[in-house]
Amino acid sequence: MLFMDVPKYAAVSDTVESLRMHPKIKVAKSQINFVNAVLRNIDREGGPVLEATSTIDNLDPWLAKQWIKQYGKDTTKTIVGAAMSQSPVFVTVNHAIDNHHDYDNDSSIITTTTREDQIMERLEQIRDVFTTTDDEGDALPAELLQVGSIRIPDNLGGAVSKWPLYDEGAWWVQDVSATLPAIALFNSLSSKYGEKHIGGMHVVDLCSAPGGKTAQLCSMGFGSVDAVEFSARRSRSLDQNLKRLGMEDMCNVVIADGREYEPKAIASPVRGVLVDAPCSATGVGSRRPDVLRKSIDMKELTTIQRELIVHAVDNIVEVGGVVVYATCSLLKQEGEDQIDWLLSDKGSNASSTQLETIPFTPGEIPGFDDCIDGNGWLRVIPGVLPGSLTFCDGFFVARLMKVAK
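Each residue of the sequence shown is one higher than the one before, starting from 1 at the first, in UniProt numbering.
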């Protein structure tokens with residue numbers, strides 16, 4: 001009652017009346033009087049109680065303490081406020097050119113020749129098919145973000161599988177923050193070797209299900225993509241998603257523990273690895289509010305994360321290759337602290353392995369400049385960025401090059 005935009009007297013009256021007139025249950029008069037008394041007491045004395053509460057009270061006490069220590073009280077309130085808001089829906093567009101369809105029926109035909117032009121034309125076409133109307137009947141278009149994601153209008157309802165071009169595999173649902181690790185890997189490899197060589201590169205996505213980042217790697221044109229997934233059940237979901245997108249022949253799905261996986265000896269050297277490590281998922285509280293209240297086994301999670309990143313560095317990626325480490329966690333123990341540890345003398349099984357940060361640079365990923373920290377890593381905090389990025393998921397992304405072994 002304290003949080004409703006309903007006059008308190010009306011809330012009390014309607015509640016009591018609904019008890020009195022319940023069609024199936026006869027509520028005793030004494031119970032009705034008790035409810036009436038409690039509600040009227042809340043009406044009289046609830047204000048001070050409400051003022052004494054904070055949105056932070058929605059968090060597990062340990063998590064609240066950690067966030068306040070790491071980000072301060074004001075930012076913690078911002079994070080919780082974002083978690084209590086409606087999450088926007090973003091889609092990533094399938095740019096596998098061989099699978100291109102004419103998305104405007106017979107009226108729009110791709111006539112451009114460069115990949116950049118093809119990508120932009122496809123983005124605009126997919127954006128346009130998601131246009132809806134508001135209550136007045138005016139057009140409410142989807143929003144094409146500079147980073148390449150499309151924000152779907154909030155009033156587009158129904159099952160995702162019934163949305164336009166779902167069966168054609170033209171897009172997949174993926175939060176804009178979740179696209180950053182694959183973009184980071186593509187940017188660094190295309191910058192170092194040239195985009196024309198992407199088609200000859202072998203890359204690996206560890207912990208790959210349900211497949212959003214794997215699909216990005218295929219869509220970006222990498223010639224050989226290994227999608228490693230420990231869970232057989234989740235790997236079936238990964239297979240289904242790749243099949244819908246027409247990417248089943250572009251990717252090698254491997255059911256294996258990412259801490260033990262090694263590329264086949266006959267395969268080309270691995271130029272890049274995505275380590276999207278299992279984590280507390282505290283950055284996706286708006287989609288999974290349970291994570292904000294449950295206890296976290298931080299020791300187990302951080303151990304798995306370290307084992308994954310060390311294995312990727314020491315046993316998967318070649319010298320000169322790139323490893324991108326990412327988590328959808330807002331706890332620094334699962335982000336910054338892990339990379340600090342990895343770059344220290346303790347961080348690699350092979351003590352001679354040398355790593356360097358490939359820093360994110362301003363303008364590299366449009367809209368996320370304010371997320372670049374002093375180390376050149378990305379820390380995305382929900383509720384902080386402007387516009388359509390305000391309520392994107394929380395994420396940490398670091399990009400490293402293996403310079404020697």
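Positions of the beta carbon are idealized from the N, C-alpha and C atoms, including for glycine.
In this text the structure is predicted, and so the values were computed from the model without any measurement.
Run of the beta strand (DSSP E) containing residue i, from where it starts to where it stops
i           : result
residue 218 : Counting along the chain, residue 218 falls outside any beta strand (DSSP E), though it belongs to the alpha helix (DSSP H) covering 212 to 219.
residue 126 : Element bounds for residue 126: not the beta strand (DSSP E) but the alpha helix (DSSP H), 115 to 129.
residue 276 : 270 to 276
residue 384 : Here residue 384 belongs to no beta strand (DSSP E), and DSSP marks it neither H nor E.
residue 205 : 202 to 206
residue 151 : 150 to 152
residue 356 : 354 to 357
residue 171 : 171 to 173
Reference residue i; option with closest CA among the options
i           : options               : result
residue 326 : 33, 140, 231 and 378  : 378
residue 136 : 155, 40 and 370       : 155
residue 392 : 37, 180 and 300       : 180
residue 404 : 278, 317, 365 and 333 : 317
residue 244 : 264, 171, 376 and 140 : 171
residue 344 : 306, 277 and 231      : 306
residue 266 : 279, 202, 299 and 220 : 202
residue 158 : 122, 362, 89 and 219  : 89
residue 19  : 304, 9, 31 and 362    : 31
residue 205 : 231, 123 and 324      : 324
residue 164 : 46, 125, 184 and 198  : 125
residue 148 : 260, 182, 242 and 2   : 182
residue 2   : 269, 38 and 121       : 38
residue 375 : 360, 385, 388 and 387 : 360
residue 220 : 41, 288, 115 and 85   : 115
residue 311 : 296, 12 and 275       : 275
residue 489 : 269, 289, 297 and 263 : Because the chain is modelled from 1 through 405, residue 489 falls outside the range shown and cannot be assessed.
residue 299 : 193, 368, 56 and 333  : 333
residue 35  : 14, 199, 216 and 176  : 14
residue 260 : 308, 197 and 150      : 308
residue 366 : 176, 288, 319 and 235 : 176
Contact set for residue i: own chain, Cβ-Cβ below 6 Å, skip 5 residues either direction
i           : result
residue 174 : 92 and 212
residue 130 : 142 and 152
residue 82  : 382, 383 and 391
residue 362 : 369
residue 283 : 328, 329, 330, 393, 394 and 395
Classification of residue i by the beta-carbon crowding that lies within 10 angstroms, buried from 16 upward
i           : result
residue 62  : exposed
residue 145 : buried
residue 127 : buried
residue 271 : buried
residue 247 : buried
residue 22  : exposed
residue 421 : No information on residue 421 is available, as it lies outside the stretch 1 to 405 that the chain covers here.
residue 250 : buried
residue 76  : buried
residue 240 : exposed
residue 122 : buried
residue 94  : buried
Where the alpha helix (DSSP H) through residue i begins and ends
i           : result
residue 325 : Unbroken run through residue 325 is the beta strand (DSSP E), 317 to 327; no alpha helix (DSSP H).
residue 311 : 298 to 311
residue 256 : Run containing residue 256: none; DSSP gives neither H nor E here.
residue 224 : Premise fails: residue 224 lies in the beta strand (DSSP E), 224 to 229, not in any alpha helix (DSSP H).
residue 11  : 8 to 20
Three-state secondary structure assigned by DSSP to residue i
i           : result
residue 186 : helix
residue 235 : helix
residue 365 : coil
residue 66  : helix
residue 50  : helix
residue 342 : helix
residue 165 : coil
residue 89  : strand
residue 73  : helix
residue 396 : strand
residue 332 : helix
residue 132 : strand
residue 248 : coil
residue 38  : helix
residue 403 : strand
residue 96  : coil
residue 139 : strand
Close Cβ partners of residue i (< 8 Å) along its chain, the five nearest in sequence each way excluded
i           : result
residue 373 : 336 and 379
residue 79  : 67, 71, 285, 330, 381, 382, 383 and 394
Cut-off 7 Å between Cβ atoms - residues of its own chain near residue i, not counting five sequence neighbours on either side
i           : result
residue 358 : 188, 322, 399, 400 and 401
residue 208 : 214, 227, 228, 229 and 238
residue 139 : 131 and 133
Residue i CB to nearest heavy atom of the ligand HEM below 8 Å
i           : result
residue 315 : The ligand HEM is absent from the structure shown, which contains no ligand whatsoever.
Interface flag, residue i vs chain B, CB-CB below 9 Å
i           : result
residue 344 : The chain labelled as chain B is not found in the depicted structure, where only one protein chain is given.
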